[in-house]
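Student: One structure coming up, written as structure tokens, with questions to follow.
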Amino acid sequence: MKKVILVFLTIPTIIVFSQFALAKGEWQISPHYGIWNLRPIEPMIEDFMADTLETAFQELIKEFSETIDPAGDYSQSVDFDSSGKNLALEFRFYPGGEDGSFSIGIAVEKSELRIALDSLDARYDLADGSYIEGSGSGILLWQPTSYHLSFRWDLIPSWRLHPYIGFGAGIASFKGLLTYEATLETYDASTATTTIEIISEEINLEFLEYTEPKITPLVIQLNLGLNFEITNNLYLLLDAGIWNGFLVRGGVCLRV
Numbered sequence: 001m002k003k004v005i006l007v008f009l010t011i012p013t014i015i016v017f018s019q020f021a022l023a024k025g026e027w028q029i030s031p032h033y034g035i036w037n038l039r040p041i042e043p044m045i046e047d048f049m050a051d052t053l054e055t056a057f058q059e060l061i062k063e064f065s066e067t068i069d070p071a072g073d074y075s076q077s078v079d080f081d082s083s084g085k086n087l088a089l090e091f092r093f094y095p096g097g098e099d100g101s102f103s104i105g106i107a108v109e110k111s112e113l114r115i116a117l118d119s120l121d122a123r124y125d126l127a128d129g130s131y132i133e134g135s136g137s138g139i140l141l142w143q144p145t146s147y148h149l150s151f152r153w154d155l156i157p158s159w160r161l162h163p164y165i166g167f168g169a170g171i172a173s174f175k176g177l178l179t180y181e182a183t184l185e186t187y188d189a190s191t192a193t194t195t196i197e198i199i200s201e202e203i204n205l206e207f208l209e210y211t212e213p214k215i216t217p218l219v220i221q222l223n224l225g226l227n228f229e230i231t232n233n234l235y236l237l238l239d240a241g242i243w244n245g246f247l248v249r250g251g252v253c254l255r256v
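Residue 176 in this note's numbering sits at position 176 of the sequence shown; the count goes up by one each step and never skips.
Below is the structure:
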């Protein structure tokens, strides 16, 4: 992981300093803070989980009763949620100087992303009074430190308020935890017996750093934003876009 980070940061550094040697460029330093989630696609995720749950539950029903009772009653519910925050420090270089449009940036970012399956419930009642009931919940808490290389174009940079578009990629660490718990209860009316199985586990994601083949988490970003000049060389930024999900963030930047 350290070698990958070193290579990832060395290449843009060489590019930046080669440009600096050929042009009278300007640096920009920018801390920013953002809010992350998957809200625009959460309904799609819930529908996918619901279809997957129904298929898996039907297999359990067949295993329990050997056949699916047409008179049986099936019900289920899925509750999915996501939230997160992002803090970053970015160094950006404008080869064209004060009125330059293109810039290249290097950033270090610390994030906390939470993907939660608050509840996943399903129940199948057979006509004879037997039933199968399952419930579960889980949380994926990813707390990566990531290193980013991005390219940005300021549109009409001579205006005090102007838009910009950017894209880039980053590499991240595996720091985080996956915790889950599941309960399966079956009741056989013919024997009046109830069986309950409970499974729970907590997994530290850092074990993935030692798997073969090596896996490096990637972060893809694409953002649109507004750049407002507060005073000479001091700017306010606000943008929104894709960051392995959806991210809205704001910050201030100083040109030197």
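Glycine included, each C-beta is placed from N, C-alpha and C at the ideal position.
If I measure Cβ to Cβ from Tyr124 and keep anything under 6 Å in the same chain, skipping five residues before and after, which residues do I get?
Tutor: Excluding positions up to five away in sequence, the list reads Ile61, Gly72, Tyr74 and Ile132.
Student: According to the neighbour-count rule (16 or more other Cβ atoms, all chains shown, within 10 Å of its Cβ), is Glu63 buried or exposed?
Tutor: Classification of Glu63: exposed, given that the 10 Å Cβ count is below 16.
Student: Counting pairs of Cβ atoms below 8 Å between the stretch 103-123 and the stretch 138-151, do you hit three or more?
Tutor: Verdict: yes, contact present.
Student: Could you compute how far the alpha carbon of Asp188 sits from the alpha carbon of Asp121?
Tutor: Roughly 20 Å between the two C-alpha positions.
Student: Counting Cβ pairs closer than 8 Å, one from the stretch 179-198 and one from the stretch 159-169, do we hit at least three?
Tutor: No: fewer than three Cβ pairs fall under 8 Å.
Student: Measuring only the C-alpha atoms, how far is Asp118 from Asp79?
Tutor: Going by the C-alpha atoms only, they are around 6 Å apart.
Student: By Cβ distance below 8 Å, which residues in the same chain neighbour Ile203 in space, the five residues on each side in sequence not counted?
Tutor: These residues qualify, in order along the chain: Leu177, Leu178 and Thr179.
Student: Once DSSP output is grouped into helix, strand and coil, what is the label at Leu117?
Tutor: Strand at Leu117.
Student: According to DSSP, simplified to helix, strand and coil, what is Ala127?
Tutor: Coil.
Student: For Tyr147, write down the residues that DSSP places opposite it in a beta bridge.
Tutor: Val108 and Ile171.
Student: What's the call for Asn232, buried or exposed, on a 16-neighbour Cβ count within 10 Å?
Tutor: By the neighbour-count rule (16 or more Cβ atoms within 10 Å), Asn232 is not buried but exposed.
Student: What beta strand (DSSP E) runs, 3 residues minimum, are completely inside the stretch 25-53?
Tutor: 26-37, all fully within the stretch 25-53.
Student: Rounded to whole angstroms, what's the CA-CA distance from Val248 to Thr216? Just pull it up for me.
Tutor: Answer to the nearest angstrom: the Cα atoms are 25 Å apart.
Student: Once you ignore the five residues that flank Leu140 on each side, which residues in its own chain have a CB closer than 6 Å to its CB?
Tutor: The answer, listed in chain order, is Ile115 and Leu178.
Student: Alpha carbon to alpha carbon, how far is Trp36 from Thr195? Give it in angstroms, no decimals.
Tutor: Taking the straight line from one Cα to the other gives about 41 Å.
Student: Grab me the residues of Ser130's own chain with a C-beta within less than 6 Å of its C-beta, minus the 5 sequence neighbours each way, in chain order.
Tutor: Excluding positions up to five away in sequence, the list reads Tyr187, Asp188 and Ala189.
Student: In whole angstroms, what separates the C-alpha of Tyr33 from that of Gly251?
Tutor: Answer to the nearest angstrom: the Cα atoms are 6 Å apart.
Student: Alpha carbon to alpha carbon, what distance is there between Glu98 and Ala21?
Tutor: Annotation note: pLDDT 47 at Ala21 (below 50); position unreliable, no value reported.
Student: How about Gly138 and Glu112: do their beta carbons lie closer than 9 Å?
Tutor: Contact flag unset, no.
Student: Quick check on the DSSP output: the beta strand (DSSP E) that includes Gly225 runs from which residue to which?
Tutor: It spans Leu218 to Thr231 - the beta strand (DSSP E) in which Gly225 sits, taken as one unbroken run.
Student: Taking C-alpha atoms, which residue in Ile199, Arg255, Trp243 and Arg152 lies nearest to Leu226?
Tutor: For the residues Ile199, Arg255, Trp243 and Arg152, the minimum Cα distance to Leu226 belongs to Arg152.
Student: In the DSSP assignment, find the beta strand (DSSP E) that holds Lys85 and state where it starts and stops.
Tutor: Per DSSP, Lys85 belongs to the beta strand (DSSP E) from Asp73 to Tyr94.
Student: My understanding is that Leu218 touches Ile171, with C-beta atoms under 8 Å, so please give their C-beta distance in whole angstroms.
Tutor: That belief holds up - the Cβ atoms of Leu218 and Ile171 are roughly 6 Å apart, short of 8 Å.
Student: Specify, as a first and last residue, the run of the beta strand (DSSP E) that Asn204 falls within.
Tutor: Its beta strand (DSSP E) spans residues Thr193 to Asn204.
Student: Going by other Cβ atoms of all chains shown within 10 Å of its Cβ, with 16 needed for buried, is Asn212 buried or exposed?
Tutor: One point to set straight first is that residue 212 is Glu, not Asn, in the sequence displayed. Counting Cβ neighbours within 10 Å, Glu212 comes out exposed, since fewer than 16 surround it.
Student: With 16 as the cutoff for other CB atoms within 10 Å, does Arg39 come out buried or exposed?
Tutor: By the 10 Å Cβ count, Arg39 comes out exposed.
Student: From the DSSP output, read off the bridge partner residues of Ala56.
Tutor: Bridge partners of Ala56: none, in fact.
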